[in-house]
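**Q** Sharing a structure with you now.
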């Protein structure tokens with residue numbers, strides 16, 4: 001039998017650990033920016049440096065940062081995947097592929113290493129692109145809660161001032177007038193006492 005009819009060797013298992021590892025869920029981008037986004041974490045648990053690069057089926061609508069790189073042993077990186085446009089809800093047939101291989105020759109640059117690599121040296125992982133509709137509700141709910149609580153916060157901010165002005169003693173507000181009134185009463189009292197003593201003869205005069 002011809003040896004060329006032998007089946008191809010099975011692909012190498014992925015050396016990198018991916019999180020998530022099967023489905024890539026896209027959510028609305030924060031701060032009202034258009035489009036959707038998803039994050040993917042790569043970690044190299046091996047004792048050898050590993051090259052990686054990404055490929056997507058949504059060409060022209062998908063942007064990956066970083067799309068390639070080198071992970072030394074124990075290193076990790078976070079990849080941000082964005083879909084452009086509000087109509088860019090990813091369909092189930094769209095996917096993201098992560099390819100990796102060991103860095104066998106450190107003297108080679110990234111592109112030369114991939115050109116010289118054989119198919120049996122490349123490890124592949126495919127993630128399906130999916131849309132997470134619940135993320136839109138979770139993003140809008142805090143804003144609705146914030147707008148609902150804002151009037152209460154304003155009331156609670158103004159309430160201490162109103163309470164303070166209501167409980168403030170009136171004597172403190174009119175204390176100068178009260179003191180003047182008390183002094184006037186004292187003077188009138190002394191004057192009346194002198195007049196009464198004069199008419200009753202209780203005042204003694206000394207030569």
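In the UniProt record's numbering, the protein residues as written are 1 to 207. For every residue, glycine included, the Cβ atom is placed at its ideal position computed from N, Cα and C. If you're wondering where the values come from, they're calculated on a predicted model, not measured in any experiment.
(1) For residue 13, does the three-state DSSP call read helix, strand or coil?
(2) If you reduce the DSSP assignment to three classes, tell me which class residue 120 lands in.
(3) By the DSSP assignment, the beta strand (DSSP E) with residue 27 in it spans what residues?
(4) Hey, quick one: how far does the alpha helix (DSSP H) through residue 177 stretch, first residue to last?
(5) Here's the rule: buried if 16 or more other CB atoms are within 10 angstroms of the residue's CB, otherwise exposed. What is residue 120?
(6) Starting from the N-terminal side, write out each stretch of the beta strand (DSSP E) that is 3 residues or longer and does not extend beyond the stretch 27–113.
(7) In angstroms, rounded to a whole number, what distance separates the CA positions of residue 179 and residue 196?
(8) Please classify residue 140: is it buried, with 16 or more other beta-carbons within 10 angstroms of its beta-carbon, or exposed?
(9) Roughly how many angstroms separate the alpha carbons of residue 44 and residue 71, rounded to a whole number?
(10) Pick out whichever of 24, 20 and 67 has its Cα sitting closest to the Cα of residue 93.
**A** The structure says:
(1) By 1-based counting over the chain shown, the position of residue 13 is 13. Three-state result, residue 13: coil.
(2) Residue mapping note: residue 120 aligns to position 120 of the chain shown, counting from 1. Looking at residue 120 - three-state DSSP - the assignment turns out to be helix.
(3) Position 27 of the chain shown, counted from the start, is the residue given in the question as residue 27. Per DSSP, residue 27 belongs to the beta strand (DSSP E) from 23–28.
(4) Position 177 of the chain shown, counted from the first residue, corresponds to residue 177. Per DSSP, residue 177 belongs to the alpha helix (DSSP H) from 175–200.
(5) As a first step, residue 120 is located in the chain shown; it is residue number 120 there, counting from the start. Answer is exposed; the Cβ neighbour count stays below 16.
(6) 36–43, 50–56, 62–65, 68–71, 76–83 and 95–102
(7) Residue numbering aside, residue 179 sits at position 179 when the chain shown is read from its first letter. Residue numbering aside, residue 196 sits at position 196 when the chain shown is read from its first letter. Those two C-alpha atoms are separated by around 26 Å.
(8) Walking along the chain shown from the start, residue 140 turns up at place 140. Its pLDDT being 48, under 50, residue 140 is placed unreliably by the model, and nothing is read from it.
(9) Your numbering for residue 44 matches position 44 in the chain shown. Your numbering for residue 71 matches position 71 in the chain shown. In a straight line, the C-alpha of residue 44 is about 6 Å away from that of residue 71.
(10) The sequence position of residue 93 within the chain shown is 93, counting from 1. Residue 93 has its Cα closest to that of 24, out of 24, 20 and 67.
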